[in-house]
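What follows is a single structure, written as structure tokens, with notes after it.
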Amino acid sequence: TFSQKILGSTTVFSIDNNQNPVDWTVADVASYFTAAGFPEQALAFRTQEIDGKSLLLMQRNDVLTGLSIRLGPALKIYERHVKVLQQTHFQDDEAFC
Amino acid sequence: TFSQKILGSTTVFSIDNNQNPVDWTVADVASYFTAAGFPEQALAFRTQEIDGKSLLLMQRNDVLTGLSIRLGPALKIYERHVKVLQQTHFQDDEAFC
Amino acid sequence: TFSQKILGSTTVFSIDNNQNPVDWTVADVASYFTAAGFPEQALAFRTQEIDGKSLLLMQRNDVLTGLSIRLGPALKIYERHVKVLQQTHFQDDEAFC
Amino acid sequence: TFSQKILGSTTVFSIDNNQNPVDWTVADVASYFTAAGFPEQALAFRTQEIDGKSLLLMQRNDVLTGLSIRLGPALKIYERHVKVLQQTHFQDDEAFC
Amino acid sequence: TFSQKILGSTTVFSIDNNQNPVDWTVADVASYFTAAGFPEQALAFRTQEIDGKSLLLMQRNDVLTGLSIRLGPALKIYERHVKVLQQTHFQDDEAFC
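Chains as they are written, first to last, in full-length UniProt numbering: chain A, 1 to 97; chain B, 1 to 97; chain C, 1 to 97; chain D, 1 to 97; chain E, 1 to 97.
Written as structure tokens, this is what we have:
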């Protein structure tokens, strides 16, 4: 249920039937990070009850210290996924203006 | 005892007889967050003794790390409620000038 | 041994015989916060060995996270007391220039 | 397997066959810090699963508080190694433009 | 082995035979803070393995939260000693340019 989209050197996975992260449930967010290669960290997103709306509000420090996950994966999750999903989302928003 | 007011895409609840958050007691703050769909987090506001005056002084990081609540709900509580209540409050203040 | 001075909407207490907070001992600081209505938090100032000189060096985050006190009172202690005492103190300093 | 390069007053070690830190594995990062004189702290980088890509994303505060290592060595690891590796890496990148 | 130098209202102690803090060992740093009236906190500097080079890299927040010392003394240690030693050190550096 995930397709890949290449953005520069970063691969962002998206849920086929529900592309816009703003509509993702907590389970969708966890599935996303499992598919992206972070099954262990996906659990932490679930524990902290992070759905798509919350994901789009996360800042670097929230990912690094608010999830109680190891620093190495946290740095990649923020830079390659959270940040990129937010940039894509807010670009799409602007495209409607 | 709560009415809803639509502000853009955000619903802010207000206590009918006591609209101005600056006058809310600790119990009013807890009632507000229970009505807003965060009964568990409402308890944390009560534990930290946050009345309306303190609520209007809270910054993003205070909500995210000072209440010991889960990150997902914390992000929404700040963005959709604390921040919006503060903006509304300080706009109202300016309207009197 | 405390008198009150009204500053805008904020009441700042001052120790009669020793008005300048820079000269307050750890016990004076604790007495100040007890008189201001924060007897429990006054204890935390004492535990952290905060005298007048240290009090004048405290920033928002130091009050909120460095004293292990509840967030609601901490927000008011900073905004209504620590910040105001510092502004008054540094204004007085400028008056001498 | 390490050679030394002098950069101002700072010595940066590099892995001979794999000079670009972006390609370092978690084991390479640990070897680097062991060779640089921080064998104990190398273990913390390994525990936090920090490979070369994550290393290049680390900020001062991540090194000081995210690795649970002592403050003295942490300050030197950031200033003399992490920061310098990042500067060298991003300079090399620019050289290709 | 310490002499005193008056800088404005601040007294900075310096180790006679080894004035430049950049050359201080962990033991020298501890001796400095013991002589400056902070014997208990000197122990924390030693525990965190802070030598002169690390001392010159410390920021306000590192002193306040990274040493696990009480807030009152920490505020004074930073303002009257760490900050002043750094200013003196970097002024001396500039004098050579």
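We put the CB at the ideal spot given by N, CA and C, even for glycine.
- According to the DSSP assignment, Ser-68/D belongs to no alpha helix (DSSP H), since it is labelled neither H nor E.
- Note on geometry: alpha-carbon atoms of Leu-55/C and Ser-54/A lie some 37 angstroms from one another.
- Taking 7 angstroms as the threshold, the shortest C-beta distance from Ser-31/B to chain C does not fall below it.
- Straight-line spacing of the CA atoms in Val-29/B and Asp-51/B works out to 6 angstroms.
- Annotation: Met-58/B to Gln-59/E spans about 25 angstroms, alpha carbon to alpha carbon.
- Cβ neighbours of Leu-75/D within its own chain (closer than 8 angstroms, five residues either side excluded): Leu-64.
- Membership of Gly-52/E in the alpha helix (DSSP H) is indicated by the continuous run 52–55.
- Annotation: the continuous alpha helix (DSSP H) that includes Tyr-32/A extends over 26–35.
- Contacts with chain A (Cβ-Cβ distance below 8 angstroms) from the segment 44–73 of chain B involve Leu-64, Thr-65, Arg-70, Leu-71, Gly-72 and Pro-73, listed in chain order.
- Collapsing the DSSP output to three states places Asn-20/A in coil.
- For the C-beta of Lys-76/A, the chain D residues within less than 7 angstroms are, from N- to C-terminus, Lys-53 and Ser-54.
- Using a Cβ-Cβ cut-off of 8 angstroms, Glu-79/E is close to Leu-57 of chain C, given in chain order.
- In this structure, the beta-carbon distance from Leu-67/D to Gly-66/E does not fall below 7 angstroms.
- Per DSSP, Gln-41/D is one residue of the alpha helix (DSSP H) stretching across 39–47.
- A straight line joining the alpha-carbon of Phe-90/C with that of His-81/C spans about 14 angstroms.
- Using a Cβ distance threshold of 7 angstroms, Val-26/D and Glu-49/D count as a contacting pair.
- Its chain contains Arg-60 and Val-63 as the residues whose beta carbon lies nearer than 6 angstroms to that of Tyr-78/B, once the 5 sequence neighbours on both sides are disregarded; these appear in chain order.
- Across the structure, Thr-34/A and Trp-24/B are spaced so that their CA atoms are roughly 43 angstroms apart.
- When the Cα atoms are used, Gln-87/B and Arg-46/E turn out to be separated by approximately 48 angstroms.
- The Cβ-Cβ distance between Ile-69/E and Ala-44/E falls below 7 angstroms.
- The beta carbon of Pro-21/E lies closer than 7 angstroms to those of Gly-52, Leu-55, Leu-56, Leu-85 and His-89 in the same chain, with the five residues before and after it left out.
- Going by C-alpha positions, Phe-38/E is about 22 angstroms away from Pro-73/D.
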